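**Student:**
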Amino acid sequence: MKKVWFQLHWFFGISAGLVLALMGVTGATLSFQDELMRALNPDVLVVQKRPEGVLPLDELVRRIEGAEPGRKVAFVWVEMDSDKAGRIFYTPPPGQRRGESRWIDPYTGAFVGEPRGEGFFNLMMQLHRFLAMGEYGKQVTAACTLILIFFCLSGLYLRWPRKVFDWRAWLTLDWSRKGRSFNWDLHAVAGTWCLALYLLAALTGLYWSYEWYRNGLFKLLDDAPAGQQAQRGKPGGRGERPADAAPLVVDYAAVWNSIRQAGGDRLQAYNLRLPPAGGQPATVFYRLTDAPHERAFNTLTLDPANGQVKSDQRYSDRSFGSQLLASVYALHVGSYFGMAGRLLMMLASLAMPLFFITGWLLYLDRRRKKRAVRASRADLGGSAGASGEPWLIGYASQSGFAEQLAWQSAGQLQAAGLPVRVESLARLDAGQLAEARKALFVVSTFGDGEAPDSARGFERKVLGQAASLDGLSYALLALGDRQYEQFCGFARRMQGWLQGQGARSLFAPVEVDDGDAAALRQWQESLAEVTGGAAPAAWEAPAFEVWSLARRECLNPGSPGESTWLLDLRAPTDSAIQWRAGDLLEIVPHQAPVRIREWLQRHNLDGQARVAVEGVEQSLEQALAGRLLPDSF
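At position 343 of the sequence shown the residue is numbered 973 (our numbering), and the sequence of numbers has no breaks.
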């Protein structure tokens, strides 16, 4: 089961991860949109407060509609005792859901102009919700939001530590680690820190993604009867005016009087939304000064023709579930929890690309090691010339390195004329171990002393029971990382169990710290002594060929994004490399020897002088080969 979850986790990660990274960055950009817009437009969005207060609604609308005759106001947003500009929307033209908007001074009714940056934030919102692709993009972001929930749950399951109640195992990051170990730790620990925030963002974001989800929330949480729930569950917008609808009549003075009576002296802000035609109620969302957060609105439903109140639903009178439903936007952006919540949600959103990048690095590392495993398998010939009972070679691998070494060990035994059988520990049981006479175990430890995912069942079922292994002779190669406290913890537990069941060790277990070449060489030599064969050449990474850079051309000069380059690399005439679709190219940049010598001569330096670089002593010429040469120093 864990393998299935892991496969789905990485598959969705390399596919949906990029979309989620974009949604995270754009969401973080929108987190403080109001504050940024006010900072960019102090002459537009900041108005002069007046002691007499904002204009009454009827006078405000009269001045606005008088400034542009023939246009009718459909939406009004005003904050009462504030220096913030108000906003109005006009009645939309036929076929549109929302009309043109204007920013206004609520104390005078004058238009204050168009703010800078509005187009940018509109684009961020389009990317965040629709990938700027309309309804098609909405379906993609909706699916990716569901996948984010899967990431949270599967990630929690996959990283579940052995010491569940040790908070350090969940929340601390060891900055001294490097390579794959650091990438995995960063991916897992950062994911734990962001887990609750990502779940909150996803569960609330689906409110705007799917109607079935939105309707389900209303049925589950809303206090209103089922019929009103269905009406509330519809997405926002004014709707179109029916052709035979009665004309809309609005008594703004009466509406204003009802708003003032409902809010009293505690009225902080109001939002009037008029219906598209007569005979329909108007809705006023108003906030009081003691509101728990910026979206804790009370809802006033009234007749626009006479201001008669039909219902006044107070936020404080709602049930907790209904309050959460009314606060879905505040929960989504974190403002439900105040400024701290907004900051945390913004930082978590900004961190979204981190998981895409580290996930890809881990995926590429696994792919490289699997390719090495395939190569090791291909190098292993048949056992036709070998006689006798085969050696059992069992491996437990998290990233593929232990499996690669298992096949290389099999090749060494086969070269000595011995038959071999290579199996994952996941496919072995106590009975198979009892039947074997000679065995090698190449065992990796995952994280801080844990078994690799594929070997957890083996540890639970096999190492947890007694077995008679008196006839088994074995050798153990343990792979681990000394940066963890429980170095080679799983391998040591397996060693203790084997000895406890009567198995005989051919030689002392060999423990390898982060692929240490000396320890691997010791393993090869120990195998050679046991089998009587010659020790093969040390297992090393494939040698690099010397290629030259013939051309380097920027394909997108002037682009606001990162530069894209076309590289023309020339292979040596005797190169044996053959390319296949999907191959990865690994490059180690290196200065040309001629250029290094010229640079050394120009600065009158001895290329054979010994220098220490990162604790390794080498010649100055060698040290400069893999570095940019400074023009001066």
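Note that beta-carbon positions come from the ideal geometry of N, C-alpha and C, so glycine has one too.
This structure is a prediction, so every number in the text was calculated from the model and none was measured.
(1) Alpha carbons only, please: which of Ala1138, Arg810, Glu1080, Ser949 is nearest the one belonging to Gln1116?
(2) Does the distance from the C-beta atom of Val742 to that of Leu666 stay below 9 Å?
(3) On a Cα-Cα basis, can you pick out the residue from Arg917, Gly909, Gly647, Gln943 that is closest to Gly894?
(4) In the structure shown, what three-state DSSP assignment does Glu709 receive?
(5) In this structure, how does DSSP classify Ser1054 when only helix, strand and coil are distinguished?
(6) Ordered along the chain, which non-local residues of its own chain (more than five positions away) have a Cβ less than 6 Å from that of Ala1133?
(7) Under 8 Å by Cβ, that's how I've got Ser941 and Thr931 pegged, so tell me the actual separation to the nearest angstrom.
(8) Measuring alpha carbon to alpha carbon, tell me which residue in Ala1222, Met976, Arg1240 is nearest Gln663.
(9) Quick one: what's Thr913 bridged to in DSSP?
(10) Do Arg1181 and Leu1197 have their C-beta atoms within less than 9 Å of each other?
(11) Within the same chain, show all residues whose beta-carbon is closer than 8 Å to that of Val1142, passing over the 5 residues directly before and after it, in chain order.
(12) If we call anything under 9 Å between Cβ atoms a contact, is Ala1056 one with Ala1085?
(13) In terms of residue numbering, what span does the alpha helix (DSSP H) encompassing Ile622 cover?
(14) What is the DSSP secondary structure of Lys849, reduced to helix, strand or coil?
(15) Using only CA atoms, which one of Pro1020, Ile987, Arg925 lies nearest to Val649?
(16) Check Gly866 in the structure and name its three-state DSSP category.
(17) Is Val605 helix, strand or coil by DSSP?
(18) Among Gln1034, Leu776, Leu816, which has the Cα closest to the Cα of Trp831?
(19) Taking only three categories from DSSP, how would you classify Arg1112?
(20) Do Leu1043 and Leu1063 count as a contact pair if the criterion is CB distance below 9 Å?
(21) With H, G and I counted as helix, E and B as strand and the rest as coil, what does DSSP make of Ser1013?
(22) Locate the alpha helix (DSSP H) running through Gln1231, then write down its first and last residues.
(23) In terms of residue numbering, what span does the beta strand (DSSP E) encompassing Tyr1025 cover?
(24) Please state whether DSSP places Tyr840 in a helix, a strand or coil.
(25) Taking 8 Å as the cut-off, does the region 684–701 touch the region 652–660 (at least 3 CB pairs, one atom from each stretch)?
(26) Would you mind giving the Cβ-Cβ distance between Pro877 and Leu904, rounded to the nearest angstrom? I have them listed as a contact below 8 Å.
**Tutor:** Let me spell this out:
(1) Glu1080
(2) no
(3) When each option's Cα is compared against that of Gly894, the closest is Arg917.
(4) strand
(5) strand
(6) Leu1099, Leu1102, Tyr1104
(7) 5 Å
(8) Met976
(9) DSSP lists Arg903, Thr931 as partners of Thr913.
(10) yes
(11) Leu1107, Ala1108, Leu1109, Gly1110, Ala1149, Leu1150, Trp1153
(12) yes
(13) This structure leaves residue 622 out entirely; the chain is present only between 631 and 1263.
(14) helix
(15) Val649 has its Cα closest to that of Ile987, out of Pro1020, Ile987, Arg925.
(16) With a pLDDT of 48 at Gly866, under the threshold of 50, the modelled position of that residue is not reliable, and the figure given next carries that caveat. Looking at Gly866 - three-state DSSP - the assignment turns out to be coil, as it is neither helix nor strand.
(17) Nothing can be reported for residue 605: it is not among the residues displayed for the chain, which extend from 631 to 1263.
(18) Position check: residue 831 holds Ala in this sequence, whereas Trp was assumed. With distances taken between Cα atoms, Ala831 lies closest to Leu776.
(19) Three-state DSSP puts Arg1112 in coil, outside helix and strand.
(20) Against a cut-off of 9 Å, the Cβ pair of Leu1043 and Leu1063 comes out as no contact.
(21) Caution applies to Ser1013, whose pLDDT of 48 falls short of 50 and renders its modelled position unreliable; the value that the coordinates give is listed next. Residue state, collapsed to three classes: coil.
(22) 1223–1232
(23) 1021–1026
(24) coil
(25) no
(26) That pair is no contact at about 12 Å.
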